[in-house]
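Comments concern the structure below.
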Amino acid sequence: MASRCAAPRVVPTSLDPLDCSGQWPARFTIAGRQTQRFSECDGQALSHCAHVAVCAMKPAGSAVSGSRTRVCAQHARAAFDGAARRAPLVAVPRGARPTGRRRDHGAAAAVPAHHAAQNIASIAAGAAAAEPSSSVATFVAVAAAVGGALLLGKLAKPALRSTLWPGAKPVSRCPFGFDEAPEDLGAPFLGHMASFMADPVLMAKGLIDKYGRHFRGYIMGFGHYMQISDPDEMKKVLSTEWSESGKIMAGAAAWPDSVNDILGHDSLNADEENHTERRAILAPAFEPAAVAGYLPAIQALAERTLASWSSRGGEPLEVYDGAKLFAFEIIVKVVLGMDLTDDELAEFNAEYKTLVGGLFLPVTPGIPGSPYVKAMEARKQVIKRIGPHIDKVAADLASGAVEKPTVIHNLVAESQRTGNGIPRQALIDIMIVLLFAGHDTSTSAITMITQQLALHPEWVPRLVAEQRRVVEKRGAQITSACLSDMAELDAVVRETLRVKSPVAGAFRVAGEDIDMGGWSINKGEKLLVTMTASNYFDKKQFMPGDDTGTKHMEYVEGWDPERWLDRSRRPNYIIQFGLGPRRCLGMNLAMAEMKVLFAVMMRGYDFECKDASVKWKGGPIGIPAHGLPTVFSARSNQEGLVGHGVQEPAAV
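Okay, here's the thing in structure tokens:
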């Protein structure tokens, strides 16, 4: 069937041979009221879909032309708005656009012909005001057969789902299934586990392209979830925890068991009461004023790190490994105040690397050598290092021998002051989470920024010139005022986080039955918010000549820091660090350490990536598959630009 409307329609050729000679009425009667008049091409397309169902339910030879169909208002609307978006497709009326359409580009929305036909068929027997039939018996027999088949499938579907995808329960609260979002469970038992571990952002991008802003999926270890990709809905999910009678919840219930086991059940992933109390104690150590006090120590570490990277005699350094040690040292020495030698720090880093290697993977306690088992063994080693430090902090506080209190000093001291002593195990879990949140994501971001500068070398001279201006204006010592003057470096950092967030996403749990994006979500169902997706539908970022509206999110082609320097183009949605009561506590520290490292780099060092190709290791955090091998070299004209941090990093 050809469509004559301006916007393209997709009409499946597999339905063309069907005898649908009748015409759908110009007005569609719903619950006794006539709806708006459809355009001719909309009516043709809808007629094609509806006749599949209506013709199947009527005896041979009976006419359909001119009939008016009365349907329950709720389900008639849902037949258009709620049908799953899977091919083959057929256009729907302009007035009945699905909430979660594929792309919000003004093109007509589409719903699957076979799904819509199936839904209409399921109610056609009782709803169609058909003309008198000459063969009532045939009609009844066909109706009974079709109804029985649909009922049998409806009854068998839950059992099949729960067997092949454990935990994937039926989610529809409508008996006809009209409120079910699009669903793609992936491979039996595994779901989308393989693509998630390969690149969770790319996995989400592919499914969003296919199904729209909201869909259901399945990942082994995570279970059944509802993807939330609409920016406004994402803000609601992340910001309304505890504020709307428990509609959206976080905490341990929202995360895979492996995350809770490895990072600890008493960490910042705790429930409302414990989380609020502990965050209030930790927050002062990560506020802008506190981070400003860390800057001299961070600058000294950055200068020492880059001097080490450039002293390898032309041998490439894997930036990911170097950045990991840099970020780890900041957390361990500057924030937590642990006094470790370089060898002890390297050993600690290796143990922690094994620990995080088991995150987000299936819990396999009975399989020796599995990532989960290795991670739990590494956790024991990490605790052996952290435990004595906590005991020393408590002893120092008791004796008054504390010159420069760290985050852990503040945590222990505040808990003692209020009388709400935090258990030792909870302190250990909090330190483990601080190590994870404080350096793994920063490591990934530092590596990606280096890679983007290698792929877009025209930005390096701009950043070098900016640093010269900052030094001339404020001197070589990096302060908060200096960071505020680094607009172009800030744009480079933010744009890198925009196209590929180091954090794949965040899980939440529905505390009660809710509706979101036009779909029903049941109590206890998991919600997945993908951070990068928050920028996906920002129309201000669409690139000229891009019919799909996706090029601005391409890792290489879409990377353009200029958008952050032009107020009219500045992205609307910035949630890479989360929102609400669980927003990243170390956001200010992370931005500071990234900007300080690259400020020092632009002031005195050149670099050449030996392999800047975009290949990623598996895992929820972005890691280049090759580690980004890069040769660093010191410039000869560094005088006055570097060497102004404190000589030895100290806890602040």
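Heads up, the working numbering is the position in the sequence shown plus 179, with the first residue counted as 1. Backbone N, C-alpha and C fix where the C-beta goes; we use that ideal spot for every residue, glycine too. Keep in mind the model is a prediction, meaning the values are calculated, not measured.
For Gly617, the CB contacts under 8 Å within the same chain, skipping 5 residues up- and downstream, are Ala506, Ile509, Ile510, Val514, Gly765, Leu768 and Ala769 in chain order. The Cβ-Cβ distance between Ile441 and Gly537 falls below 8 Å. Of the residues Phe615, Trp743 and Gly493, the one whose Cα lies closest to the Cα of Glu674 is Trp743.
Per the DSSP secondary-structure output, His393 pairs in a beta bridge with Ile407.
Put simply, the backbone Cα of Arg647 is about 15 Å away from that of Asp785. Cβ neighbours of Glu741 within its own chain (closer than 8 Å, five residues either side excluded): Ala670 and Arg748. Per DSSP, Ala529 is one residue of the alpha helix (DSSP H) stretching across Asp521 to Val535. Between the C-alpha atoms of Trp738 and Ala633 there is a straight-line separation of about 12 Å. The alpha-carbon of Arg687 is positioned some 9 Å away from that of Gly703.
Lys512 is classed as buried because its beta carbon has at least 16 other beta carbons within 10 Å across all chains shown. Here Val708 carries a strand assignment [DSSP, helix/strand/coil].
Shown here for Pro467: same chain residues with a beta carbon closer than 6 Å to its own, the five before and five after excluded, namely Asn767 in chain order.
The three-state reading of DSSP puts Val639 in helix, counting H, G and I together. Under the three-state reduction of DSSP, Glu787 is assigned to strand.
Within its own chain, the residues whose Cβ lies closer than 7 Å to the Cβ of Ile477, once the five positions on either side in sequence are excluded, are Ile509, Val513, Ala771, Glu772 and Val775, listed in chain order. Residue pairing from DSSP places Phe811 in a beta bridge opposite Phe786.
Under the 8 Å Cβ criterion, the stretch 453-466 does not count as touching the stretch 541-558, having fewer than three qualifying pairs. As computed with DSSP, Leu474 is found in no beta bridge at all.
A Cβ-Cβ separation of about 11 Å leaves Leu606 out of contact with Ile562 under the 8 Å criterion. Here Thr709 has Ala383 and Gly684 as same chain residues with Cβ atoms under 6 Å from its own Cβ, once five neighbours each way along the sequence are excluded.
According to the DSSP assignment, Trp698 belongs to the beta strand (DSSP E) that extends over Trp698 to Ile700. By the Cβ test, the stretch 575-583 is not in contact with the stretch 542-553, since fewer than three Cβ pairs between them sit closer than 8 Å. Around the CB of Thr629, 16 or more other CB atoms lie within 10 Å, so the residue is classed as buried.
For Met732, the secondary structure class from DSSP, reduced to helix, strand or coil, is helix. In the three-state reduction of the DSSP assignment, Phe318 falls in the helix class. Membership of Met695 in the beta strand (DSSP E) is indicated by the continuous run Ile693 to Met695. Counting every other CB atom within 10 Å of its CB across the protein chains shown gives Arg761 a total of 16 or more, marking it as buried. Beyond the five residues adjoining it in sequence on each side, Pro750 comes within less than 8 Å, by CB distance, of Arg677, Asn714, Asp717, Lys719, Gln720, Arg742 and Trp743 in the same chain, given in chain order. Per DSSP, the continuous alpha helix (DSSP H) segment holding Arg603 begins and ends at Arg603 to Leu634. About 33 Å separates the beta carbon of Asp363 from that of Gly806, a gap too long to meet the 8 Å contact definition.
Taken through DSSP and simplified to helix, strand or coil, Leu461 comes out as helix. Beyond the five residues adjoining it in sequence on each side, Lys794 comes within less than 6 Å, by CB distance, of Ala804 in the same chain, given in chain order.
Per DSSP, Arg762 is not a residue of any alpha helix (DSSP H), being assigned neither H nor E. Between the alpha carbons of Lys503 and Asn528 lies a gap of roughly 8 Å. Shown here, Ile587 sits in a helix according to DSSP, grouped into three states. Annotation for Phe686: the continuous beta strand (DSSP E) segment containing it runs Gly684 to Ala689.
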